[in-house]
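Asker: I have a structure here, written as structure tokens, and I will follow up with some questions on it.
Number of protein chains: 2
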Amino acid sequence: MPYDPSAFPPFAVTVDLVVLTVRDHALSALVVRRGEPPYQGRWALPGGFVRADEGLAEAAARELAEETGLRAQQPSGPGAGLGAHLEQLATYGDPQRDPRMRVVSVAHLVLAPDLPAPRAGGDARSVRWAHVGELLGRTADSATSLAFDHARILADGVERARSKIEYSSLATAFCPPEFTVGELRRVYEAVWGVALDPRNFHRKVTGTPGFLVPTGGTTTRQGGRPAQLFRAGGATVLNPPMLRPEV
Amino acid sequence: MPYDPSAFPPFAVTVDLVVLTVRDHALSALVVRRGEPPYQGRWALPGGFVRADEGLAEAAARELAEETGLRAQQPSGPGAGLGAHLEQLATYGDPQRDPRMRVVSVAHLVLAPDLPAPRAGGDARSVRWAHVGELLGRTADSATSLAFDHARILADGVERARSKIEYSSLATAFCPPEFTVGELRRVYEAVWGVALDPRNFHRKVTGTPGFLVPTGGTTTRQGGRPAQLFRAGGATVLNPPMLRPEV
DNA sequence: TGAATAGTGTCTTTAAGACACTATGTG
DNA sequence: CACATAGTGTCTTAAAGACACTATTCA
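Taken in order, these protein sequences are the chains called G and C.
Under the numbering used here, the first residue of the first sequence is numbered 120, with each subsequent residue one higher.
Under the numbering used here, the first residue of the second sequence is numbered 120, with each subsequent residue one higher.
Shown next as structure tokens:
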């Protein structure tokens, strides 16, 4: 088959977003309610068409800003500052995944600190945080199960987040700029759904060079003895990794 | 923005393949010579358009068969048997990545045992194995540097393979159906570009339950004392992982 | 005072790193 | 024979698991 650019089947290309955060001790994802068919009234992942002149990560960052006001912090992006972690997740292109036409969706994963209530976009769709446990529960009732193949995409995003905080410092992306060791531990516990030993966890994270940098401040917002505040250090890779306990 | 399926910019969607194998102690990739502009005469990754009615993995498996005759062995595919490991790698969609039009390419990673000489496809393009070290070398001369953004895609695929053999049993995908511990060790050494202690390696792989299953046979094809033959066991995850030595 | 969280230290256990040594084939 | 590769064992070291114990706040 010669490479003939004039004879290709046209596809629609979209980005879908798995936006994760930790709210009240549970891993949660951002979902929007669909206002029109198909799957009208069902919850779905935020997303939209990639424009003709923008890159994939660019489209994902734009959609993220439209839905949440968050500024994406791409690994290599120049705009350093506050914002959420954004990375490509995977691409979904089953011919039947959208009943209307052939759509290939490039899913992206966003890890964000706990935010104020999500703001509805300009199109006034309703938006909310939902615990991933509910969204991925076995009961496939239409009140909670996601539209299209979004349950699969969400599951892949959750699994990516769970495995990536093992060997990277990405768990800090779920934390505010300054946080305590205990707050970071509660992130791991929420994402993995396990309880961790506070003492061994403290030894591990404070003993890993470049992971945490003390800011000098303390806080008592968790109650109990005042805890040191840290910010994320320069290290991105955790070696040896944080071990996820067996279930 | 309402979700209007009639107003989307059309994209071409392709699959590109990073096909890796270990040949004469070096990690090698399959490349094809381009017969037409742009980048005429340059080497590129194999790939092609996704058809209107096929899925992404399906398209990748079809292209792989066309280029090499290999049957893909997808993680969840029903067609168990001999074949190469196939998984999605990442998607590349920079607006400028193809000078002719807007192309989004879903790259796939294939890990294959050392094969007989690749067969040219029906279109008689020339095909060869090249050491990834040469393809990714710093010298950007057009004799070796790849067309389009394929050097970046190849680098991402190599990095995926290097990290994935740490915590999975995927290194066996580079081996024939029956292999020795020494042959498996040479796979790790070629992919990582390091030397491993044969004795500690032997202890590690034979001590990991489900990684290797002895077949009872022995071989002397590597010279020296006859070595036991193994095949890949059912385990897919290595816990604890195989540790990649620091450089 | 009691409850909660923060932080340090100690002992045990797992598994990797660095070897010595033996086994069994080929030229 | 020399030499190559295969395979086992031993000692040391790094780091996780399982705790005990102290520190500092608030109600």
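We put the CB at the ideal spot given by N, CA and C, even for glycine.
Please read all numbers here as calculations on a predicted model, not as lab measurements.
What in chain G is Cβ-close to C:Val225, meaning under 8 Å?
Answerer: Thr210, Gly212 and Val223
Asker: Is G:Ala354 near G:Pro328, with beta carbons less than 8 Å apart?
Answerer: yes
Asker: Against G:Glu278, what residues of chain C qualify as contacts under a CB-to-CB distance less than 9 Å, listed in chain order?
Answerer: Neighbours of G:Glu278 on chain C: none; closest Cβ ~12 Å, over 9 Å.
Asker: Label G:Val151 either buried or exposed according to how many other C-beta atoms from any shown protein chain fall within 10 Å of its C-beta, with 16 as the threshold for buried.
Answerer: buried
Asker: Thinking C-beta only, is C:Val138 closer than 8 Å to C:Val225?
Answerer: no
Asker: Locate the beta strand (DSSP E) running through C:His144, then write down its first and last residues.
Answerer: Looking at the DSSP string, C:His144 is not in any beta strand (DSSP E), and its letter there is neither H nor E.
Asker: Are the CB atoms of G:Ala145 and G:Gly252 within a distance shorter than 8 Å?
Answerer: The beta carbons of G:Gly252 and G:Ala145 sit closer together than 8 Å.
Asker: Could you name the residues of chain C that G:Gln159 contacts, counting a contact when the two beta carbons are closer than 9 Å?
Answerer: Chain C residues near G:Gln159: none, gap ~11 Å exceeds 9 Å.
Asker: Spell out whether any CB of chain C is found under 8 Å from the CB atom of G:Phe267.
Answerer: No, because no Cβ of chain C sits closer than 8 Å to the Cβ of G:Phe267.
Asker: To which residues does DSSP link C:Asp135 through a beta bridge?
Answerer: C:Gly166 and C:Ala226
Asker: Is there at least one Cβ from chain G nearer than 8 Å to C:Ala179's Cβ?
Answerer: no
Asker: Taking just the CA atoms, how far does C:His204 sit from C:Arg350?
Answerer: Looking at the two C-alpha atoms, the distance is approximately 15 Å.
Asker: If the cut is a Cβ gap below 8 Å, which residues of chain C does G:Leu183 touch?
Answerer: None at all; the shortest Cβ gap to chain C is about 14 Å.
Asker: Any chance you could list the alpha helix (DSSP H) runs of at least 4 consecutive residues sitting entirely within the stretch 238-297 of chain C, in chain order?
Answerer: 251-254 and 269-286
Asker: Could you check where the beta strand (DSSP E) with G:Glu206 kicks off and where it finishes?
Answerer: Ala203 to Tyr211
Asker: I'd like to know if G:Ala171 contacts chain C, where contact means its C-beta is closer than 8 Å to some C-beta of that chain.
Answerer: yes
Asker: My output table needs one value for G:Ala351: the three-state DSSP class, helix, strand or coil.
Answerer: Residue state, collapsed to three classes: strand.
Asker: Apart from the five residues on each side of it in sequence, which residues of its chain come closer than 7 Å, Cβ to Cβ, to C:Gln215?
Answerer: Here the set comprises nothing.
Asker: Counting only beta-carbon separations shorter than 8 Å, does G:Gly174 have a partner in chain C?
Answerer: yes
Asker: Quickly, what does DSSP pair C:Leu331 with across the bridge? List them, please.
Answerer: C:Ala351
Asker: For C:Ala243, which residues in the same chain have their Cβ closer than 8 Å to its Cβ, ignoring the five residues on either side in sequence?
Answerer: Because C:Ala243 carries a pLDDT of 47, less than 50, the predicted location of this residue cannot be relied on, and no value is offered for it.
Asker: Can the beta-carbon of G:Gly174 be found closer than 8 Å to that of G:Leu189?
Answerer: no
Asker: Using a cut-off of 8 Å between C-beta atoms, extract the partners of G:Val137 located in chain C.
Answerer: Those within 8 Å of G:Val137 in chain C number zero; the least Cβ separation is about 15 Å.
Asker: Going along chain C in order, which residues have a C-beta closer than 7 Å to the C-beta of G:Pro328?
Answerer: Contact of G:Pro328 with chain C by beta-carbon distance below 7 Å is absent, the smallest such distance being about 14 Å.
Asker: Are the CB atoms of G:Leu254 and G:Leu230 nearer to each other than 8 Å?
Answerer: no
Asker: For the alpha helix (DSSP H) containing G:Pro317, list its first residue and its last residue.
Answerer: Pro317 to Gly326
Asker: What did DSSP end up calling G:Gly301 once you bin it into helix, strand or coil?
Answerer: The three-state reading of DSSP puts G:Gly301 in helix, counting H, G and I together.
Asker: Assuming C:Val306 and C:Ala280 form a contact by the criterion Cβ under 8 Å, report the distance between their Cβ atoms to the nearest whole angstrom.
Answerer: C:Val306 to C:Ala280, Cβ: 10 Å. No contact.
Asker: For C:Gly342, I'd like the list of residues in its chain whose CB is within less than 6 Å of its CB, leaving aside the five on either flank, ordered along the chain.
Answerer: none
Asker: Got a sec: is the Cβ-Cβ distance from C:Pro129 to anything in chain G below 8 Å?
Answerer: yes
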